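Trainee:
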Amino acid sequence: MKTAVYFCNCGTNISDKINPEKVQDAVKKKNGDVIFKTFDFLCSEEGREFLRKDIMDNAVDAVVIPACSPRDHEKTFMNVLSEAEVNPYMMQMVNIREQVAWVTEDAEKAAVKAVQYINAAISRVNLQEPLKKKEIDVSPDAVVVGAGPAGLKAALSLAEAGRKVTVVEKSPTIGGLPVRYEEIFPNMECGPCMLEPIIGEALHGDASGNIEFLTLSEIEDVVGSYGNFNVKIKRSPRYVDTEKCIGCAECIAPCPVSFKNPFNCGINERKAIDFSFAGALPNVPYINAELCLRFKGFNGNENANVVGNANGGAAGGFCRLCVDACPVGEEIFKFDEKEEIIERNAGGIILAVGSALYDCRKVPSLGYGKIPDVYNSLEFERILASNGPTEGNIRTLDEKEPRSFAIVHCAGSLDKNHKGYCSGICCEYAFKFNHIIRNKIPSAKIYHLYKELVVPGKESGSLYSKAAEDKNTVFIRISDINGMAVAEEGGKKVFSINDACVCGSGGGNESRKIESADDRDGENGGKISVDAVILCPAVVPARDIDGLAGMLELVRDRNGFFEELHGRTDAGRSKIKGIYLAGSCHSPMDIKEAMSEGMAAAGYVLSGLVAGKKLSIDPISAVVEQARCSGCKVCIGVCPYKAISFDEEKGASFVNELLCQGCGTCAAACPSSAVKANGFTDAEIFSEIGIMLA
Amino acid sequence: MQNSSAIKENMPDNAVNIGNAKKTEVFEPRIIGFLCNWCSYAGADKAGAAQKQYSPNVSVIRVMCSGRIDPQFIMDAFQKGADGVMILACHPGDCHYKEGNYRAVQRHRLLLRLLGQLGIEGERCRFDYVSAGESDRFVSVINETVEAVKKLGPLKIK
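Protein chains in written order, with our numbering: chain A, 1 to 694; chain B, 1001 to 1158.
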């Protein structure tokens, strides 16, 4: 094997400290037939041309380049090798600039070290093998999980680029949380109106042919890897034909069964056949099989008979009140519909499953779940919504208009006993609530109890200013939410705020102190009485994350959200290749951010998975020499990417090169030395150690 | 750098003969440093870019991840005459490959027990975390290790 050393002077950066001639003599002395040449700037155009020509002229097989860090120019020189028709992996850079010349005071010692490094590299490069990039076919299509703002935006962007997208949504409707909101911060836009054009485009627009919506569906299993996932989706029956139903709602009133409507946070009731809310899309009701008498009637028939008789709608047998009311006909109802497993192939999976609110019962002093008229923000959104349980009228449970409100920010946030982070959206919607309450009940007294106020962004200031300038709005800064106690006294919700939990009032603004004169005990601390309490809880991971994280073996951060590949530079990627994150499933965020993230996730799919273009696989990966494998499976346990599987037939492990990232942990763990870490083999490293210590 | 003048006086004319280090009066330890590509190797590059001078006694071997560092490499280094070995990894939670640094620290802890049984002092096998930005930390970890091994003297495996 003909080996050449191309020593880069890097102008004088290297040669000022390390004398190339001395190094050449020493290297040649040890490795007789090696070619040794120096050049001023190997990375320059002339340098690369010199390198290419010299490699070709001398029919060089392996190249050692003492120069800068491989982190700078390894790729540059690998490309030159390719141009010179030498395998680019037959090269070893020697970092004599950053790690020798620039950091070693003594020139002679620097030269000694440089020679030692170069000798080690020569020895190593002779053991290196030509490696080849592999290419595989990929699917350009995607599965999007979650049909909220992030998922919809991702799906629509991909569909518009001609990709096939399957959107998997566990609820019966699409749109996510914002369709529940009457108005949205920062500019009081109507939530459903904002989303409807996007949903409409996805359902009926030019690109809608590329989008398949599977509602009442969840991911059941995922096999395969980046570029070629096989996704199994479990679809629960809706029992109503989405194609034929005209959405007239005639079936709903006759239904004899009611239950608490989860869409409205259980504040009102819905029927066993019903829409989630007026205006839900797709505009088709669904049947709750656990409650529908029809389903109970299949076993024993007693209930169905009783109800049938009582209502006179069903003459014995199964309840069919909804069927009889339907103007389209019986064929719409598919009571025999079964749970279905649907399989889709996709190159990438976008997770946009959203988030949930922290359970305020975990902050018992706030009275949530015990004292009436203590709401979390999602419940209050439904109270404000004109299609909600109170048709947008703010009423206490005893049907009175509340005269005073406490809006508790940071409920469970910025608190080491609960959630240590700030969710970043609560203050903004709290001031939105302030604005809506003020419009609906002009004389209402509103208290904001908060730990910190956070209103970032160019548009958020106006809602905050409105609240801050409002005479009947009071700001009270609390140091510890656990120190407050909410009790019910004569129909009022009374907050006892002790000295310890009131922070200094801000900037001499009188309105920022407790000024409910009748209840006030002192300058700091005291009591405030209100009719209704709205808690703004920390945004936490949705429960669905558990199942998905387990199934996809995704890493979760310490707060339980999906962990990003990199929190800033690659926040849209999970740590599993080909699985992307969009929206609040990986961090609390507002609608604007979620939409941008949906777009970003689509971007990853569009740039990484191009139809007709093959995926190239970096050969710096692990390979199991199956003849040496004892089948102990230690490697499988240590692989951070689940890239290693076990071939039962051969009784040996094997590596999926596509998933392998080339870290080499398996090679270090294998007790039989059966795993070869390409580019960093045992032999290569042992030879480096040996020469460096020679 | 300490003792540099003393070393110079004792250096033979042919400075490129490294095997002579042990023959000089001042003990110059030979240490192999295994650095992960993404954090500690990058930290070393950063120290270079800032031209921070440090002891030349550590010879660096780059691996993609500290999880690649097979305990056999360390045993091999000691056997071939290293007076010390360093393993530098990404900080917990920063590993480019998610958890390679945890494997590395686990293996290091086990290895320390074995080294103890062989009479090799734990200070000769240092594990530490250096991020891509911590050039000062890299320099101090290198210098500290070199000093510690200097104090222990040359390694003599019984």
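Positions of the beta carbon are idealized from the N, C-alpha and C atoms, including for glycine. As the structure is a prediction and not an experimental result, all values here were calculated from the model.
1) Can you give me, in chain order, the residues of the segment 621–641 of chain A that have a beta carbon less than 9 angstroms from any beta carbon in chain B?
2) For Y181(A), which residues in the same chain have their Cβ closer than 6 angstroms to its Cβ, ignoring the five residues on either side in sequence?
3) Tell me where the beta strand (DSSP E) around A356(A) begins and ends.
4) Please report how far the alpha carbon of F50(A) lies from the alpha carbon of M93(A), in whole angstroms.
5) Is I1061(B) close to chain A? Criterion is C-beta to C-beta, closer than 9 angstroms.
6) Quick check: the Cα distance between S574(A) and Y580(A), rounded to an integer number of angstroms?
7) I need the straight-line Cα distance from V530(A) to V494(A), nearest angstrom please.
8) Buried or exposed for S82(A), please, with buried defined as at least 16 other CB atoms from any protein chain shown within 10 angstroms of its CB.
9) Compute the distance between the beta-carbons of F1073(B) and I644(A), then report whether it is under 9 angstroms.
10) Can you tell me whether K432(A) is buried or exposed? The criterion is at least 16 other CB atoms within 10 Å of its CB, across all chains shown.
11) According to DSSP, is I585(A) helix, strand or coil?
12) Thinking C-beta only, is H409(A) closer than 9 angstroms to H448(A)?
13) Buried or exposed for A260(A), going by 16 or more other Cβ atoms inside 10 Å?
14) At a CB-CB cut-off below 8 angstroms, which residues of chain B make contact with F7(A)?
15) In angstroms with no decimal places, state the Cα-to-Cα distance between S171(A) and V165(A).
16) Does D699(A) come within less than 9 angstroms of chain B when only Cβ atoms are used?
17) In chain B, which residues lie less than 8 angstroms from R97(A) when you measure between Cβ atoms?
18) Once the 5 residues before and after P1154(B) are set aside, which same chain residues still bring their CB inside 8 angstroms of it?
19) Suppose the cutoff is 7 angstroms on Cβ atoms and the five residues either side in sequence are ignored; what does the same chain contact list for C265(A) look like?
20) Less than 9 angstroms between CB atoms is the rule here; does I579(A) satisfy it with respect to chain B?
21) Compare the C-alpha of I591(A) against each of I425(A), R71(A), L463(A) and name the closest.
22) Terminal residues of the continuous beta strand (DSSP E) containing Y421(A)?
23) Measuring CB to CB, does V167(A) end up less than 9 angstroms from V145(A)?
24) Measuring only between beta-carbons, confirm whether Y117(A) sits less than 9 angstroms from chain B.
25) Using the Cα positions of A1132(B) and Y117(A), report the straight-line distance between them to the nearest angstrom.
26) At a Cβ cut of 7 angstroms, what residues of the segment 1070–1092 of chain B count as close to chain A, listed as they run along the chain?
27) For N1037(B), name the three-state secondary structure that DSSP assigns.
28) Determine, for R71(A), whether the minimum Cβ-Cβ distance to residues of chain B falls below 9 angstroms.
29) Do the CB positions of G329(A) and K362(A) come within less than 9 angstroms of each other?
30) Per DSSP, which one or two residues make a beta bridge with A406(A)?
31) Bridge partners for C190(A) per DSSP, in chain order?
32) Might you give, ordered along the chain, the residues of its own chain that have their beta carbon closer than 6 angstroms to the beta carbon of S630(A), omitting 5 neighbours on each side?
33) With respect to the alpha helix (DSSP H) encompassing I689(A), which residues constitute its N-terminal and C-terminal limits?
34) Could you pull the DSSP bridge partners for R235(A) from this structure?
35) What residue does the alpha helix (DSSP H) around C635(A) start on, and which one ends it?
36) Hey, how far is the Cα of R1062(B) from the Cα of K577(A)?
Mentor: According to the structure data:
1) Under the 9 angstroms Cβ criterion, the segment 621–641 of chain A contributes V638, P640, Y641.
2) Beyond the five residues adjoining it in sequence on each side, Y181(A) comes within less than 6 angstroms, by CB distance, of G191, E381 in the same chain, given in chain order.
3) 355–357
4) Cα to Cα, the separation comes out at about 17 angstroms.
5) yes
6) Answer to the nearest angstrom: the Cα atoms are 5 angstroms apart.
7) Between the C-alpha atoms of V530(A) and V494(A) there is a straight-line separation of about 6 angstroms.
8) exposed
9) no
10) buried
11) Per the sequence shown, residue 585(A) should be read as Cys rather than Ile. DSSP places C585(A) in helix when its eight states are reduced to three.
12) yes
13) Note that residue 260(A) is Lys in the sequence shown, not Ala. Exposed, by the Cβ-count rule.
14) None at all; the shortest Cβ gap to chain B is about 14 angstroms.
15) Rounded to whole angstroms, S171(A) to V165(A) spans 18 angstroms at the Cα level.
16) Because chain A in this structure spans residues 1 to 694, residue 699(A) falls outside the shown range and cannot be described.
17) G1048
18) K1022, F1027, P1029, D1083
19) L378, E379, R382
20) Proximity of I579(A) to chain B, defined by a Cβ-Cβ separation below 9 angstroms, is not satisfied.
21) I425(A)
22) Counting along the chain, Y421(A) falls outside any beta strand (DSSP E), and DSSP gives it neither H nor E.
23) yes
24) yes
25) Distance between A1132(B) and Y117(A), taken at the CA atoms: about 22 angstroms.
26) D1070, F1073, D1076, A1077, K1080, G1081, A1082
27) coil
28) Closer than 9 angstroms to some Cβ of chain B, the Cβ of R71(A) qualifies, so yes.
29) no
30) Y447(A), V533(A)
31) E183(A)
32) S672
33) 682–692
34) S217(A), E340(A)
35) Segment 634–638, the alpha helix (DSSP H) holding C635(A).
36) 25 angstroms
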